[in-house]
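According to our numbering, the sequence shown is numbered sequentially starting from 180. All C-beta atoms, glycine included, are put in the ideal place defined by N, C-alpha and C. Keep in mind the model is a prediction, meaning the values are calculated, not measured.
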Amino acid sequence: GGRLDAAAQAALRAGRLKDVEALGMAEFAATRGLAIVGKGTPPWAVADIVRIMSAIDIDAYRAMVDVIVSADLMGDAPLIRVPALVIAGADDVVAPEPLCRRIAAALPEPAFRLLPGIGHYLPIEDPDRLAEVTGPFLS
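What follows is the structure, encoded as structure tokens:
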């Protein structure tokens with residue numbers, strides 16, 4: 180497994196929430212949204228991402244962070260009994276390539292795709308590439 184101990188979970192949670200608590204969701208989205216997209220993301224997509232992030236309820240964001248910091252992805256991945264595809268954006272600083280490769284490798288049937296020029300919001304950054312990658316996998 181890979182579950183963090185309570186102290187490490189608390190530290191990671193505090194780090195993930197520090198900026199959002201200080202700035203509020205709208206300002207956090209305006210600054211963080213720009214940092215987590217791929218280098219070639221069109222301006223309209225960046226604006227959509229910032230708008231979506233700004234609309235997230237802060238309590239829902241806190242709950243999402245709690246789920247992330249308490250998860251045991253490496254321990255749970257081998258339990259997945261259906262084909263799964265891990266897709267990583269090469270420019271993703273939130274879920275970087277090495278982490279995504281580790282998750283894929285922990286799956287019973289590992290499948291991994293790295294997409295150059297993509298950050299953390301693939302469905303918005305390049306929905307056509309998402310369809311190109313997932314279409315064959317799902318058929």
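Query                                                                                                                                                                                : Result
Could you tell me the distance, in whole angstroms, from the CA atom of Ala234 to the CA atom of Ala285?                                                                             : 34 Å
Below 8 Å on the Cβ atoms is my guess for Gly298 versus Gly268; work out the distance and round it to an integer in Å.                                                               : 5 Å
For Gly212, collect the residues of the same chain with a Cβ closer than 6 Å to its Cβ; drop the 5 residues on either side in sequence, then sort them by chain order.               : Ile228, Val229 and Met232
Measure from the alpha carbon of Trp223 to the alpha carbon of each residue in Met204, Asp198 and Tyr300, then state which is nearest.                                               : Tyr300
For the region 223 to 269, which segments carrying the beta strand (DSSP E) assignment without a break, of at least 3 residues, lie completely within its bounds, in sequence order? : 265 to 268
Among Leu278, Asp245 and Leu258, which has the Cα closest to the Cα of Ala190?                                                                                                       : Asp245
If we ignore side chains and look at the alpha-carbon of each, how far apart do Pro287 and Val265 end up?                                                                            : 12 Å
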